[in-house]
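Engineer:
In the numbering used here, the protein residues as written are 456 to 545.
1. Could you tell me whether the Cβ atoms of residue 511 and residue 496 are closer together than 8 Å?
2. By the 10 Å Cβ neighbour count, where 16 or more other Cβ atoms means buried, how is residue 494 classified, buried or exposed?
3. For residue 518, which residues from the same chain have a beta carbon less than 7 Å from its beta carbon, with the 5 sequence-adjacent residues on both sides left out?
4. Tell me whether the beta-carbon of residue 521 lies closer than 8 Å to the beta-carbon of residue 482.
5. Name the residue from 469, 515, 525 whose alpha carbon lies nearest to the alpha carbon of residue 480.
6. One question on the structure: do residue 475 and residue 532 come within less than 8 Å of each other, judged by their Cβ atoms?
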């Protein structure tokens, strides 16, 4: 069997559970909010003063922390799924 065909048949990720889907959506919202806050730092600084930098920094920190937790949970779910699939011989 050609390698590309074998790779197509290999499961790449676990089915997404509702909890993992919620985590992904929260993570995506934090990423979008982080990007928007960095792009809008000048208007935010005019509106909030020096507190804008603190708020943007806190948002970036929350995004980084959530990224670590989300990727860890996603990798664990994928590993469990791939172990199950390979044990079943699928």
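Each residue gets a CB set at the ideal place from its N, CA and C atoms; glycine is no exception.
Structural biologist: This is what the structure holds:
1. Here residue 511 corresponds to residue number 56 of the chain shown, with the count starting at 1. Here residue 496 corresponds to residue number 41 of the chain shown, with the count starting at 1. Yes. Within cutoff.
2. Here the question's residue 494 lines up with position 39 in the chain shown. Exposed, because fewer than 16 other Cβ atoms sit within 10 Å of the Cβ of residue 494.
3. Working through the chain shown from its first residue, we reach residue 518 at position 63. Excluding residues within five positions, the ones whose Cβ falls inside 7 Å are 485, 486, 489.
4. What you label residue 521 is simply residue 66 of the chain shown in a count that begins at 1. What you label residue 482 is simply residue 27 of the chain shown in a count that begins at 1. Yes, these two residues count as a Cβ contact at 8 Å.
5. Taking the chain shown and counting its residues from 1, one reaches residue 480 at position 25. Residue 525 is the option with its Cα nearest to residue 480.
6. Counting from 1 along the chain shown, the entry for residue 475 is found at position 20. Counting from 1 along the chain shown, the entry for residue 532 is found at position 77. Contact flag set, yes.
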